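These notes concern the structure reproduced below.
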Amino acid sequence: MVREKETTLYLGPQHPGITGNMMIKLKVTGDTVVRAETHVGYLHRAFEKLIERRNWLQTFTILCRFCVPEPDPMELTYARAVEELENREVPERAEYIRTIVMELARLQSFMLWYAGQSGSAGLYLTGQWSVGDRNYILDLFEELTGGRIYHMYIWPGGVRRDLPKGWKDKALKTMDYIEKRLDEYNKIMFDNTIFQKRAQGVGIVPKDKAIEWGVVGAPLRGTGIKHDVRIDEPYCAYDKLDFIVPTQEGGDVWARALVRQEEARQSINIIRQALEKMPEGEFYNKVPNPMKWTVPAGEAWTKTESVRGEVGFYVVSDGSNKPRRVHVKGAAYTNGITVLEKILPGQNIADVSFILNSMGVCPPEMER
Amino acid sequence: MTSNNKDKQTIVEYIQNWSRKHSLFVMAYGTGCGAIEIPATMTSRYDAERFGIRGAATPRQADVLLITGYLATKTLKRVIRVYEQMQDPKYVIGFGSCTINGGMYYDSYNTINALDRYIPVDVYINGCMPRPEAVISGFVQLQKQIAEGTANNAAKYKENLEWYRANQKKIIKNWRMPDYNW
Amino acid sequence: MEDLGIKIIGALLTVILAFTVGMTYGGIVRKLTARVQNRRGPVIWQNFLDLLKLQSKKTNIAHGFMGHMAPVWIIISAGTVLMFIPILNGNLWFPNLTFHGDLIFLLYMMVFGSLGMALGAGQTGNPNSAIGVTRGLSQMVGFEIPFVLALVALMVQYKTTSIQDIMDIQAQTGTWMMFANPFAFLAALFASLGMFRYSPFDIVGAPAELASGPVSEFGGKYLGTMMSGGSIFAFIKLTLYVDLFMGGAGFGTGILATIMGLGILLLKTFSLYMVPVFYGWISPRYRTEQAIRYFWGWPTALGVIAVIWAIF
Amino acid sequence: MEKENKILEAIKVAFNVEGHIAREKRVMITANKDIVSSILLFCKNQQGYIHLNHMSVVDRIEDGKFELNYIIWSPTEKVTIMLKTFIDRENAEMENIDSIWDQANTYEREMREMYGIQFPGLIGRQDFALEDWDEMPPMRRDFDTHAYAEKTFYQRPGREDAKDVREELTKQSGEVIPDFAKKYSRE
Amino acid sequence: MNSFFLILLILFAGAGLSFVLGKISSIISGTVAFLSIAAASALFFTQIEMGSFIEFSLGGIQLQWGLNSYGYLFGIIVLGLGTLASLYSISYMQNKERTSGFYFNFVLVIAGMTGIIFANDFISFFIFWEIMTWASYLIIIYSGKNVKKIGIKYMIFSAIGAYSMLTAIVMIKGQYDTFLISDAINAGAFNFIDNIYIPILLLIGFGVKAATMPLHVWAPGAYNNAPTSFTVIFSGAMSKMGVLGMGLVLGHMFTADRSGSLTNFFSGFSVIYLQQTIGWLGGITAVIATLYALIQDDAKKLLAYSSIAQLGYITVGLATGTKLGVMAALFLAVVHGIFKGALFMVVGAVERQAGTTDMTKISGLIRKMPFTFLTALISIIALAGIPPLGGFVGKWMLYEALITESNSYFLVIVIFFSSTAAFLYSYRFLFGLFLGQEEKETEQVKEAPITMIIPMLVLAILLVITGAFPGLIFSPIATAMEFIGFKDVTWNMSVLNNVWGNEMNLTYLGITIGVVFVSIFAFITLKGLKGTRYVGTKDISTSGEIPYENENLTFQINFFQPFVRAAAPMYKRSMNKIWNELGNGLEALFNFTRKIYTGNGQTYALFVVIFLVLMLLFKDTLFV
């Protein structure tokens, strides 16, 4: 084989700079990336096949494992799809609880993102702090759902259980603490000139191509396009709450970081509002015996906004007690494969991991 | 496994094992979803570094291979390569139920169900997913084994290489790995 | 003959001192870093444990002769430089060898280790190692410029190229070089940020980018020996800075004087060491060209001012 | 429902296909496989549906068909069109649309691997998620993953009886479970 | 017969004989060339007494040949390196075509250089100079790509040099009515006070060969294009002829007694300016050549640029005009001859065995060619100036001279920048050829034949010796420096001194390094001797991924891109680029010149002779 005028560099699967278990095959000259290929499948567990063998409720154990850093949007999207198929009502209290859970999930995911984004640039302090503080949110989850990471909390027709006693105060207290801490992270990360130098002008997603390329989530809002499922197709209680969807111009890592920074604040804001406005009442619209539970034939497409962007579920039922087909479109499916392959060429090797983190690449939801 | 040959250790071995026990470099390889609890384990609330546990970027420097959850067959191949590139003495911790018997993936066509058929495992941590406390207790278990000198599964791997290879090749159809001179 | 005996014992003592201090400083930095990150952190002697473990690894992989030699080169470089650097001023037990630590010699000898490391890393054939090496060498060209400017300023100001002479002059005049020529000190201090390779200049072994860079393929005794060499080097650099800019340390040969001298030395070196460490805690990493540009900017300008200051 | 009607009518007029509005912001259209790419192009270039949201396959094994779904979305109208078509299950082949949307390439590679649907002219790596897979495409409904797993992977004993852990425990301990708590037990 | 004649006769006869025998076999031809050069060097080192000379007249012009201490120093380089290079050539040229012409010219170049060393008058100096130029030109166009362009470039710059030298010679004749070099010196021909033009013209003439900026343009192409066994001579010895001339001029220029009158004060001032200018020219040459060396992908080209950079250091040393500086320059000249000769031999060996010198195409030769690698390693250490080898001694003296004696503090920084950046290309060279993963095509490569290994190892050993005992070279340098006007040069066998009284003891250094090396090497090797296992370069951690078997992961392309990016302004504004643009503009002129210089050596010689005659005829009208 004649040696190409490029060097092959494997970034992953075992590499500190890769987000999860995937591989990006880089062709580089010098320290500039010429071509990038995303290789996935290291985490392929055949979830969609397994779901076809599970009944409607057993599916939830699988759903939350679609994307490990942020499992709840998957549960919610699926639950909403099932509700759409069944025309099942959701009590208003459950909608508020779902909103809180969603935003808590987003918030803890933002804190992981703080770690990833700054850690990939060599600033470990923010990451150590934010991942440490993230435990407080996980504590809330643990009290609410019984699990730190995987919750299986949101069910079709509501949520699995009501808020525990005193949880609201605890949540509010935690929010106060996290808000204070966010300021500190921002001081270290965003006020740092070196971080700005690293982030600005790197990994640019062009504004005019962004939607066509299928960019979603913060990368899209970083180009100045205001697109968020929470306002486009409001779900849960989002239409009753008051929040801002931040956008930034530029489309580079810096813009995406600013968007996420503001979104984390908005999450706290939403959680506070939801806790405030939450009505009393039922939290669960009862489903039949799960073993015998059938869902009317049909299909549904539901979308949810996660930290990485839009998560879509395409659910098909053939009227039996098992889903006929559940197809997941994670945000990273486009962000992490085609979009990444387009924006990486021309970048420095040093920035690859940095861009990866800012695009919110999450391998398990790409290959499922 | 826990045969007590503590008395048989020479003083040099004792010191060596003592240092090994207190300095565990963990391979930074998030093979599965369990990797999500590793940052939590390494940061402030749980702080694994006080046990001398820290990350290592490449297999040459690492002592412990943490299999964080299920292994897809594609990953298994990489894990075997990484494992064989690590240097003796090396330890494997199986992380989560799915490494023990497949857990919830028992019927998946792409994940292996019993990790110790393919690479030797020193410590299993069960749960899905194991909490950071469980991870640390797993490490403490491993430290105990190291101190006793019983964590020598890497040697067993070498002795029974053929058996392991046969198992591995059953799963990995296209075996294109460099041959290592042991 | 007696003289030679003292020298040999002194040389051994110097090596032990440098090794212990370097390793302990590393441990203290790890502990402090952990504390800043809200963690308990490892024990202070954790680095010794790591070293002991690395040295007791059962198998060690080398990719060939140069890979085998890389740690040897580093230790040669570290050991040789250590022999020519004055540790304590006028102390019998920590002598440097007769010629009094020529600065230009030191500059080149310190590179010796890096080159050996680079060759060892090169032989592995790992692309990450090679990229790390190119980064390291490029960065070296960056920080050597202000550093050399500072050294030239020193040499010009005191009309000597010997470290011992500079120490003596500082002792005589009672003015530390960092006050006599503050610009030179600042330029050298900036250069030291690059030399110690803490953030934002840890571009050589940047984990998220290059796994661990040049040492990607080294483990076991090789990594351990490199670690010891690196620790000795840390001590050497610190002592060099203290000798040049902070008046050195040492009062005489007596037991009490030796202990006091060592105490002063440790105090000075440790406070100097904290500069790059503090800076590193709160800084992300530069890209390579940004790092080089950084050194060619203000630090070099300061160095030029220092030389002009020294001439007039 | 104005926007939805507008686009539905536009497509109906242009291509003479069936369609209905499933709910707010969901327009469902069923079309022949030959005109799918024309409809997609029409929607993308003339109606502003520039965002390919999703592509999916459902294996309708009982009909001998694959059901392909194209979900596209307009950032201005905020309406989703779900375009559906059926192709034969035998020698399944579908037009390649990655010239319209680049990201369709990923979906098509996955479909090729998981269902064995061929896309003529599809450029891209052969593998998506699987490596050295030589069985039937695994997402087809007639592929039995459990049987395959049992055949291929070592099954650690202990779970083959699929017993309810709670019941086993109560048998050992003699604890009495009230009827209402039993109802979720496995059949 | 006189030894001077005998030596030259042997060389010329050897040239002719190797040309004739070359028709039979390349090996015989090479052997003859080697034997003649070896015989000549044997005679040179044994038969000729220092200071002896012969006089004879030829066509009414009084000629004088002799050997002075200054010439002897360069004789060591020329004949020593010449012998080794001709031995090396035998195997290197083995399978090449048209070797008879090559050997003919090869020996002729050596003869020309020997003649230059012997020449005590300007006429024979010039004739031998032209023989050298002419013969080397024929070797440059012997093979390779772009022959015409490179050849013409070389020819034109040589012509510029030759004409300016000739003009200076005629001016000397016109003003002092002598052709003898010593007479001209004694009369003060090189004294900057009386004559501005003669020294400058001569410096231009010599500067071309020494590849000083801005006269270096020809050098990279020519060094690269010549067959490697000749590049050894070209870079190692022939460029030193330029150094010889420059040293002669500059030495006398700066050492001339200028104490006295007011006018002298001003002229002394202008001497300082000239000194600074030449020094900076040398420094900038070094920097730019270094910057260009580190972006080369071809090992030979890299060394070509590196040679220019090293000659820049030598120029700087000469321009200091101080004892230590000139000593450093001459020491560097000798050491550069050794290590650059060795490095070009290494490249030649790689070229012969692996078929190319393109570093992006080969890698991992260390296992195949261990001795070649060893030579390369030692030479590179010397080149980079890392202790304890010879290169360090030269660098040390140069820096100390600049700092302590000539007060050129910023020039030091420039030089230091250049020599730090030299680490980059040094590493690139070693890594590119010898380290990294092994290429599949180079699986069959074997170590070079013994006749190539021996010269390389001899040079490598010399480098080690000069590092430990630089006094061995200081002794001829000290006597040589007396000839160019530096009296009472002191030196020690292995202690270096500067004027501030600081010393650098190489013995202690050697002992320390030795002790540390032995102990650590023993420690590393003996400890766990069983535990160390050597693995192939394919067994690397590629982030867990498994590369294809024939996939070579060695990082070779755009090697120093981050550095280049950081130094981008310097690359943009570099002299070569301006010069190239100018050169492109001058292309038409070049084409015109080509009509006159047909590329044939005879017409060239003819033109030079005509020019000489014309100048001599009209010298009175022109220069009085």
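Chains as they are written, first to last, in our numbering: chain H, 1 to 368; chain Z, 1001 to 1182; chain E, 2001 to 2312; chain L, 3001 to 3187; chain W, 4001 to 4624. Even glycine gets a Cβ: it sits at the ideal position worked out from N, Cα and C. If you're wondering where the values come from, they're calculated on a predicted model, not measured in any experiment.
In this structure the region 3051-3060 of chain L lies against the region 316-329 of chain H, because at least three pairs of beta carbons, one per stretch, are closer than 8 Å. In the structure shown, E95(H) falls within a helical segment according to DSSP collapsed to helix, strand and coil. Under the DSSP definition of a beta bridge, E310(H) partners with E305(H). Taken through DSSP and simplified to helix, strand or coil, K4395(W) comes out as helix. For I4380(W), the nearest beta carbon of chain Z is not closer than 7 Å to its own beta carbon. Residue environment analysis places D1047(Z) among the buried positions, since at least 16 neighbouring C-beta atoms fall within 10 angstroms of its C-beta. C-alpha of G4321(W) to C-alpha of G4279(W): approximately 10 Å in a straight line.
Boundaries of the alpha helix (DSSP H) around H3146(L): T3145 to T3152. When secondary structure is reduced to three states using DSSP, V2277(E) falls in the helix class.
Contact check for T1041(Z) against P1132(Z) passes: the beta carbons are separated by less than 7 Å.
Taking C-beta atoms as the reference points, G2280(E) and A2187(E) fail to come closer than 7 Å. Around the beta carbon of V131(H), 16 or more other beta carbons lie within 10 angstroms, which makes this residue buried. 7 Å or more divides the Cβ of V2275(E) from the Cβ of L2149(E).
Runs of the alpha helix (DSSP H) lying entirely within the region 4048-4100 of chain W, each at least 4 residues long, are 4069-4092 in chain order. Remark: C-beta atoms of V2072(E) and I4381(W) do not approach each other more closely than 7 Å.
Contact between the region 57-75 of chain H and the region 241-257 of chain H is not established, with fewer than three Cβ pairs separated by less than 8 Å. Measuring C-alpha to C-alpha distances from I4546(W) to each of E6(H), T7(H) and Q14(H) identifies Q14(H) as the nearest. The criterion of a C-beta distance shorter than 7 Å is not satisfied by P3075(L) and I204(H). For G4544(W), a Cβ of chain Z is located within less than 7 Å of the residue's own Cβ. For F1139(Z), the uninterrupted alpha helix (DSSP H) segment begins and ends at P1132 to E1148.
The beta carbons of I2163(E) and P2086(E) sit about 6 Å from each other, so the pair counts as a contact at 8 Å. Counting only Cβ-Cβ distances below 7 Å, Q4556(W) has contacts in chain H at T7, in chain order.
Cβ atoms of M4050(W) and S4229(W) stay farther apart than 8 Å, at about 31 Å.
Contact annotation, P2200(E) with R2293(E): C-beta distance approximately 12 Å; criterion of less than 8 Å not satisfied. Bridge pairing for K27(H): T8(H) and R35(H) [DSSP]. Closer than 9 Å at the C-beta level to chain H, one finds these residues of the region 2015-2042 of chain E: T2033, A2034, V2036, Q2037, N2038 and R2039. What V3058(L) touches in chain H, judged by beta-carbon distance under 7 Å, is V316, R324 and R325, going in chain order. Contacts with chain Z (Cβ-Cβ distance below 9 Å) from the region 2049-2073 of chain E involve L2049, D2050, L2051, L2052, K2053, L2054, Q2055, S2056, K2057, K2058, T2059, N2060 and I2061, listed in chain order.
Under the criterion of beta carbons closer than 8 Å, K207(H) and I225(H) qualify as touching, at roughly 7 Å.
Within the same chain, Cβ atoms closer than 7 Å to the Cβ of F2251(E) are found at A2257, M2260 and G2261, the five residues on either side in sequence being excluded.
Secondary structure note for M4504(W): it is in no alpha helix (DSSP H), and the uninterrupted beta strand (DSSP E) holding it is E4503 to N4505. Bounds of the alpha helix (DSSP H) holding H1022(Z) are I1011 to H1022. With a cut-off of 8 Å on Cβ pairs, the region 2212-2230 of chain E is in contact with the region 2056-2068 of chain E, counting three or more such pairs. Under the three-state reduction of DSSP output, P1059(Z) falls in the coil class, being neither helix nor strand. If only complete runs of 4 or more residues are kept, the region 2170-2242 of chain E shows the alpha helix (DSSP H) at 2177-2180, 2182-2196 and 2207-2210, in order along the chain.
Identification of residues in the region 30-46 of chain H having a C-beta nearer than 7 Å to some C-beta of chain Z yields G41, Y42, L43, H44, R45 and A46, given in sequence order.
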